[in-house]
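Here is the structure we will look at, set down as structure tokens.
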Amino acid sequence: MTEKKIKRIFGIDLGTTYSSIAYVDEYGKAVIIPNAENERVTPSVVFFDESTVVVGEVAKESAKLYPNEVVSFIKRSMGEPNFIFEYGGERYRPEEISAYVLKKLAQDAQQHLGETISDVVITCPAYFGINEREATRKAGEIAGFNVRQIINEPTAAAIAYGSLDTTQNRVVLVYDLGGGTFDVTMIDIRKESVEVICTGGDHNLGGKDWDDRIVAYLVEKFQEETGITEDILDDPDTWQDLQLSAEKAKKILSQRPKTPVSITHGGKRVKLMLEREKFEEVTEDLLVRTVDFTRDMLEAAGQKGYSRFDEIILVGGATRMPQVSERIEKEFNIAPKVFDPDEAVAKGAAIYGWKLALNDDLIRRISEKTQKTFDSSGNISEMMDTSQITTRDFQEAARELAEDTGYALPSVENAMLRVKNVTSKSFGVVAHNPSGEEIVFNLVLRNTTVPVNVVKKFYTAVQNQKTVLIRTMESETSSIEIPLEHATEIKTAVLHLPPNLPADLPIEITFDLNDEGRLHITALETGEYRKVQVEVDTASVIGGEEFEKAKQRSQNLVVH
Amino acid sequence: MERENFYLLLELPCDPPETDARVIEDAIAKKQSEWSRLRNHPTKGLHAQKCINLIPEIRRVMTDAALRSKEAEAAREISARDKQDKYPEIDRHIDILMGKGHITPEEVHKLSKVHGLDQGEIQGRIAARKNQKYNRVDQQITLRMAKGFLTESEVEQIAKRNSVKVDEVRKRVRCPIKKNGGDKDISPPRQLDRSLEKTIRDNLKLLNKSSLYDFLDLPESADLQTLQKAASQKKKQVARASKKDAVASASNTLAGHCMTLFKSDETRNAYDVSLARAKLAELDSDIDIAGINGKIRPEYYDILVQKGIEFGMEKHEAEQYIRDYCRRKKWSIEMAPKKRRRMLMIAGAAVAAVAVLITAGMVVYNIQQDRGRQAEFDRLISRVEDKSGPSEKIDLLEKFLQAHAGDENYTRFTDAVRKRIDRLAGRAAQLRYDETINKIQPLEQQDKYEQAIERLDRYLQSDPPKKLADKARKKIADLENQIERKYFQALEDLMLSGSAKEKMQAIDRYLEKYPNGAHRGAVRDMEADMSGEYYIYVKTALERCESDQDWKACADLCRDYLARYDNSYADQLKDRLAEYREKIKQTRMLAALKKKARQHDTDYDKAIDVYKDFLEAYPDSPLAEKAKSEISRLREMKKNRQAQSTRQRFRSLLAQSSDRFTEKTRGVVTDSRTGLMWQLLDSAMAGEGQCLSYEEAGAYVKNSETGGYTDWRLPTAEELAAIYKEPPYFPVMEEKWYWTADSYSSYSDGWRRIVDTIDNQPGSDWRVERRDSKQCGAVRAVRKP
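Chains as they are written, first to last, in the numbering used here: chain A, 8 to 567; chain B, 2 to 786.
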């Protein structure tokens, strides 16, 4: 018995400043689902209003009145172990706050579509490290989703871009300047695959920095006009007010050459005209940095043999600022395409989710047809490569699926799309150099294609050794050995060895970095080849009871 | 780069330092929340992020007593240093020594010693002072650059003022030089936006850098190409070799600014101008203070001008600068009024003091009327005669004397009055004596000699005439003899019936009372007769005092006998006295030791030291045993007291906490949640050594028999965390960390043995701390019932 409809997997762009959700409709087209306020993007702002949690535009507007009850830009703190938002005696970690944003998106989308949302693909900046990705996944789980995959924002954008025209192969530079992060990624888009070649960026550089510069400028002007010398940003109300005014001003200046702004503080009011020229002057260095990151990335790509690219596409809301395209064109002699800056990422994620769903359904159909059991999470193209599935079985299943669902056959066949990613950071373990100093020994260097696994042998020191401790580190460098202080500790793994091992027995430790950029560690003792239990612990990502508590809290909570 | 001091960062008092773990943890939690809120602040965000990342380190340092105390010390130092920057003084000293043209190595050494700085630093300052001529030139250039250009005459002036060549000055100027009056077409330079200036300044502050040049480690005279290259390198270096923390973000931002600003002469000039402006900021802040009321008072204005001159401005430049600044702020400057000729008001007008001295001649008429005086005397005498008692009569006569004391005209009469008084007084005294004698007669008859003597004593106190006093004294002596006789008779009676002690006491009392008594000889004989009897008494008494160890009483008995007799008994007692003396000496020493020990009250260690010192000094003393037993007694007391107070405190904590933990068996706490049994006291509290290595910890639990159980073991990290990290918490008396059963060997550390430890700070925000097994910690043993 074959079901007519396939399970929907939604794509979510969880942004620093705005988030959105998309799905692929019955015509195979990616569509953004508007929120309850009928907006296509929802501000990633959470307002704790006594017992209720409000997310979106209302929360953002509330920041002016209740600055201490509102959390914005939480994405910048993902994976930061010591960020705590306190409200009403409760402590919230970034994952949980992000979960509320996700919940709001899903709730409104459910309302709009009249169907339950369970499976999602969530995007994150390519530049996110292992912990930040893990934290993003945890946020999805706290919100109650089955998180099918975490994919990179530029990859998602490239998928959306690639889906427009599938005939042409090209190398694309995705310049993604979002609300809080900047990624620049070189992607090889082909008919059957989307392959990331190289990535770089800064997850503390985004539209917000442009806003902050306007805020700083306004403060200066206010002081100049009123003669007040105190830092008016010490007042949370003023800070929030200026932050919102700055964002508005930035948006207007992207359309018009000047905009009036008014600053009110302590009963004094200053009105001034902010000109685009001034705006560009006070933010020029930020733009220069994005260009510099782009050049660095190109250099790294060159080392991998990619010396040219065909197009530059600009995604992320901040690329709407005219100076971005102007500067890019001037620097790289190529007119960039501003591609659906606010929606491309969510749409790409939705397409990716849709392909996952098609993939699942095809496997189910083939399994039913051939009476064979397959790994339900397997990838159909890989199965064909390894001859687990014949081309004929696949084609038949694809045709049936297209008939049942009404999707066009070619798009169904596209479910075979392969996505190849690279890791944005180098990853290694703490070891000792010959002079006895602690160093980081990198096992996987940045911009290596994932999935990747590295096997490393370690030897037991004493007889009947109980455990081995491994400290895993992440860094931004491309060298094998680096000083400890240039890396960040991400996880500590403890291997619980089976009893009665002799001394000097090799333990094979496998570090798996999956295509999502998540790290798995497995180990095997080579005496009797027993699997060794590995316990991974990190304080940077919510876990254990705290995670369960957050999940519980989120379940009982209606987001407005 | 030096990290911020945690005491200062957490705004905790450092002198005396806050050490309460709860207060500190609260401060951290408060700051964590505050920094988290400021994490995305437009201008304070980076600093907040930097602080958030420091939290684990802050917690590590502030929960470790030793590190924390170091931190407090550092905080005090920083505060002190901030308060009093000593560099000006050093520079002054250098200037003095440089007066002769150079500074010798010995002088450098001396300077470094005097100021507590290393010689390298002193050398650095000397170099700076040597360069100061050019520094001054640069400073003066920079100040004038604030307007965007220098004039030719300014350049000449600077050259002249610092005795350097004009070309030298010109070389150092990094902006256009305008011909005096001409070159009107040189437009003011593009100025760096103030908000940008602030962004740069904030980021530099975060990195402890003074300027973008400093950030790139290049001199201000570096050329554009070098600066560009360094900026780009800096950015790559940050990207390559650093974590994405606040410092990296700030470096990235600054590198971005460098790349933008050091692109052209124009943009660089704009930055240089802004640097110059920053240097003037100090003056600005002074002006701000002076203009706090919206106007600048004349005396302030003068000070500000002076300040500007100190900055290297010319007087007119300083005045111009201040005027411009005030104009921008819309403040008025009150100019000093023209100095008014001060009129000297000499108010010392001659005051003609007319002193009229009226000499009043006094005419004294001395009319003697002797007749009147005689009449007055006669009246007195007749009134005296009228009075009955002598004392009343004397009263009247005395009043006359008082009224006419010193009046020569009355001498005749007063003399007569005095004679009459004397007569009257003699009569009164005899009267009083007779009265007294009459009163004691019946007392004598009743053998109440003492009362009679008492009365006579009282009479003598009334200061009677000598003759009468002597009579009274004689009467007293008679009476005393009567008493002595009576006493002797009683003594004689006692000699027949009393105990040796009573007899001897009575003899002593007699001899004491009547050293010259009539029966003295007889009493002495009585005493001599008692030598045997008294010896027997003394011997029995000695037995008693010996058993009481009252050596002083024993010695006194011996001494007493020896004082009375010199016989064979006395010889025996002499030997015993020597023994008692020795015993007394020792007792005194012990008492002194005890007193000394007692002064330490409950500081048993010091008390024990008192005895230890004694034993060391007198190892063979007969008191050695006593001292030793005293030591062990004190040790026992110490242990008891410690354990008791610990147990008490702990039990009261236990009682305050919820009913999760209860002490069912003595010394054993049961966790109602897990059923696990915990030792009430941990290894440190139980007093079994302050801290234990991991190996010792193993032995400790193995040998533990608290509550009669012998299966105590080390808890797992999970078990320990369950009582300290999940409310209701196990009571905590002082912060420490505990060994757990979870141990590892880590490959990265050359298979060093690492053990999971858990601290006892309550709270859900916890992690396992891994420590080397050689470290020294505490054990809280557990068992499963």
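Every residue, glycine too, gets a C-beta built ideally from N, C-alpha and C.
If you're wondering where the values come from, they're calculated on a predicted model, not measured in any experiment.
Inset, instruction - Consult DSSP for R4 (chain B) and reduce its assignment to one of helix, strand or coil. - result: Within the second sequence, numbered from 1, the residue matching residue 4 (chain B) stands at position 3. Residue state for R4 (chain B) is assigned as coil, using DSSP reduced to three classes.
Inset, instruction - Can you give me, in chain order, the residues of the stretch 82–97 of chain A that have a beta carbon less than 8 Å from any beta carbon in chain B? - result: Hits within the stretch, in order: R83, S84, E87, P88, N89, F90, I91, F92 and E93.
Legend entry - A530 (chain A) - DSSP class collapsed to helix/strand/coil: Numbered from its first residue, the first sequence carries residue 530 (chain A) at position 523. Residue state, collapsed to three classes: strand.
Inset, instruction - My understanding is that V501 (chain A) touches T545 (chain A), with C-beta atoms under 8 Å, so please give their C-beta distance in whole angstroms. - result: Here residue 501 (chain A) is taken as the residue at index 494 of the first sequence, counted from 1. Here residue 545 (chain A) is taken as the residue at index 538 of the first sequence, counted from 1. In fact, because the Cβ distance is near 12 Å, the residues do not count as touching under 8 Å.
Inset, instruction - State whether the stretch 362–378 of chain A contacts the stretch 37–50 of chain A, with contact taken as three or more CB pairs (one from each stretch) at a distance under 8 Å. - result: Verdict: no, contact absent.
Legend entry - R23 (chain B) burial status per 10 Å Cβ neighbour count (16 or more: buried): Locating residue 23 (chain B) in the second sequence gives position 22, where the first residue counts as 1. The residue in question, R23 (chain B), is exposed, as its Cβ has fewer than 16 Cβ neighbours within 10 Å.
Inset, instruction - Starting from C6 (chain A), follow the beta strand (DSSP E) in both directions and report where the run begins and ends. - result: This structure cannot settle anything about residue 6 (chain A), because the visible part of chain A is limited to 8 through 567.
Legend entry - Within chain A, partners of R661 (chain B) - CB distance below 9 Å: For this step, residue 661 (chain B) is matched to residue 660 along the second sequence. Correct list: empty, because the minimum Cβ distance to chain A is about 17 Å.
Legend entry - In DSSP terms, what Q402 (chain A) is bridged to: Within the first sequence, the letter at position 395 stands for residue 402 (chain A). DSSP lists no partner for Q402 (chain A).
Inset, instruction - Examine chain B for any beta-carbon lying closer than 9 Å to the beta-carbon of K215 (chain A), and answer yes or no. - result: Looking up residue 215 (chain A) in the first sequence gives position 208. When Cβ-Cβ separations below 9 Å define contact, K215 (chain A) makes contact with chain B.
Inset, instruction - Indicate whether N454 (chain A) and I204 (chain A) have their beta-carbon atoms separated by less than 9 Å. - result: Numbered from its first residue, the first sequence carries residue 454 (chain A) at position 447. Numbered from its first residue, the first sequence carries residue 204 (chain A) at position 197. Their beta carbons are under 9 Å apart, which means N454 (chain A) touches I204 (chain A) by this criterion.
Legend entry - Cutoff 6 Å; reference R175 (chain B); Cβ partners in own chain excluding five residues on either side: The residue labelled residue 175 (chain B) in the question sits at position 174 within the second sequence. Excluding sequence positions up to five before and after R175 (chain B), its CB lies within less than 6 Å of the CB of D273, all in the same chain and listed in chain order.
Inset, instruction - Name, in chain order, the residues that DSSP records as bridge partners for Y739 (chain B). - result: As a first step, residue 739 (chain B) is located in the second sequence; it is residue number 738 there, counting from the start. Note: Y739 (chain B) sits in a beta bridge opposite B:I759 and B:A779.
Inset, instruction - Please classify G207 (chain A): does DSSP put it in a helix, a strand, or coil? - result: In the first sequence, the residue the question calls residue 207 (chain A) occupies position 200. Here G207 (chain A) sits in strand by DSSP.
Legend entry - Cβ pair G147 (chain A), I19 (chain A) closer than 9 Å: Your numbering for residue 147 (chain A) matches position 140 in the first sequence. Your numbering for residue 19 (chain A) matches position 12 in the first sequence. Their beta carbons are under 9 Å apart, which means G147 (chain A) touches I19 (chain A) by this criterion.
Legend entry - Every unbroken beta strand (DSSP E) within the stretch 502–530 of chain A, with a cutoff of 3 residues, ordered by chain: 513–520
Inset, instruction - Enumerate, from N- to C-terminal direction, the unbroken alpha helix (DSSP H) stretches of 4 or more residues contained entirely within the stretch 440–472 of chain B. - result: 450–462
Legend entry - Local conformation of D567 (chain B) per DSSP, three classes: Walking along the second sequence from the start, residue 567 (chain B) turns up at place 566. If DSSP states are grouped into helix, strand and coil, D567 (chain B) belongs with coil.
Inset, instruction - Would you please verify whether the beta carbon of L262 (chain B) is less than 9 Å from any beta carbon of chain A? - result: The sequence position of residue 262 (chain B) within the second sequence is 261, counting from 1. At least one chain A Cβ lies under 9 Å of L262 (chain B).
Legend entry - Which of helix, strand or coil DSSP assigns to F17 (chain A): Numbered from its first residue, the first sequence carries residue 17 (chain A) at position 10. Assignment of F17 (chain A) by DSSP, reduced to helix, strand and coil, places it in the strand class.
Inset, instruction - Report yes if the CB atom of R83 (chain A) is closer than 9 Å to the CB atom of N41 (chain B), and no otherwise. - result: Taking the first residue of the first sequence as position 1, residue 83 (chain A) is located at position 76. Taking the first residue of the second sequence as position 1, residue 41 (chain B) is located at position 40. Yes, the pair counts as a contact, with Cβ atoms nearer than the cut-off.
Inset, instruction - Output yes or no for whether 9 Å exceeds the beta carbon distance between A357 (chain A) and Y30 (chain A). - result: Translated into the one-based positions of the first sequence, residue 357 (chain A) becomes position 350. Translated into the one-based positions of the first sequence, residue 30 (chain A) becomes position 23. Going by C-beta atoms, A357 (chain A) is nearer than 9 Å to Y30 (chain A).
Inset, instruction - In the DSSP assignment, find the unbroken beta strand (DSSP E) run with F465 (chain A) in it and report its ends. - result: For the purposes of this step, residue 465 (chain A) is taken as the residue at position 458 of the first sequence. Here the beta strand (DSSP E) through F465 (chain A) covers V459 to Y466.
Inset, instruction - Under 8 Å by Cβ, that's how I've got T741 (chain B) and D757 (chain B) pegged, so tell me the actual separation to the nearest angstrom. - result: Position 740 of the second sequence, counted from the start, is the residue given in the question as residue 741 (chain B). Position 756 of the second sequence, counted from the start, is the residue given in the question as residue 757 (chain B). Going by Cβ atoms, the distance from T741 (chain B) to D757 (chain B) rounds to 5 Å, so yes, they are a contact pair.
Inset, instruction - Could you check what DSSP says for V419 (chain A) in three-state terms: helix, strand or coil? - result: Translated into the one-based positions of the first sequence, residue 419 (chain A) becomes position 412. It is helical.
Inset, instruction - Compute the distance between the beta-carbons of H94 (chain B) and V62 (chain B), then report whether it is under 9 Å. - result: By one-based count along the second sequence, residue 94 (chain B) stands at place 93. By one-based count along the second sequence, residue 62 (chain B) stands at place 61. No.
Inset, instruction - Starting from the beta carbon of D303 (chain A), find every residue of chain B whose beta carbon is closer than 9 Å, and list them in chain order. - result: The residue labelled residue 303 (chain A) in the question sits at position 296 within the first sequence. Close to D303 (chain A), with beta-carbon spacing below 9 Å, are these residues of chain B in chain order: K236, K237 and A240.
Legend entry - Meets three-Cβ-pair contact criterion under 8 Å: the stretch 259–269 of chain A and the stretch 229–236 of chain A: no
Legend entry - Buried/exposed call for L180 (chain A), threshold 16 Cβ in 10 Å: Taking the first sequence and counting its residues from 1, one reaches residue 180 (chain A) at position 173. By the neighbour-count rule (16 or more Cβ atoms within 10 Å), L180 (chain A) is buried.
Inset, instruction - Alpha carbon to alpha carbon, how far is K388 (chain B) from V364 (chain B)? Give it in angstroms, no decimals. - result: As a first step, residue 364 (chain B) must be located in the second sequence, where it is residue number 363. As a first step, residue 388 (chain B) must be located in the second sequence, where it is residue number 387. Its pLDDT being 32, under 50, V364 (chain B) is placed unreliably by the model, and nothing is read from it.
Inset, instruction - With P786 (chain B) as the anchor, note down where its beta strand (DSSP E) starts and where it stops. - result: By one-based count along the second sequence, residue 786 (chain B) stands at place 785. Here P786 (chain B) belongs to no beta strand (DSSP E), and DSSP marks it neither H nor E.
Inset, instruction - Quick one: give me the first and last residue of the beta strand (DSSP E) that F152 (chain A) is part of. - result: In the first sequence, the residue the question calls residue 152 (chain A) occupies position 145. Premise fails: F152 (chain A) is in no beta strand (DSSP E) and is neither H nor E.
Legend entry - Euclidean distance between Cα positions of G456 (chain A) and T254 (chain B): Locating residue 456 (chain A) in the first sequence gives position 449, counting from the first residue. Locating residue 254 (chain B) in the second sequence gives position 253, counting from the first residue. It should be pointed out that residue 456 (chain A) corresponds to Thr in this sequence rather than to Gly. Those two C-alpha atoms are separated by around 30 Å.
Inset, instruction - Compute the minimum distance between the beta carbon of D423 (chain B) and the heavy atoms of the ligand HEM, and state whether it is under 8 Å. - result: As far as ligands go, the structure on display features none, and thus does not contain the ligand HEM.
Legend entry - Delimiting residues of the beta strand (DSSP E) encompassing D56 (chain A): Here the question's residue 56 (chain A) lines up with position 49 in the first sequence. Its beta strand (DSSP E) spans residues V53 to D56.
Legend entry - Interface positions of the stretch 51–73 of chain B facing chain A (Cβ-Cβ less than 8 Å), listed along the chain: The residues in question are I53, N54, I56 and P57.
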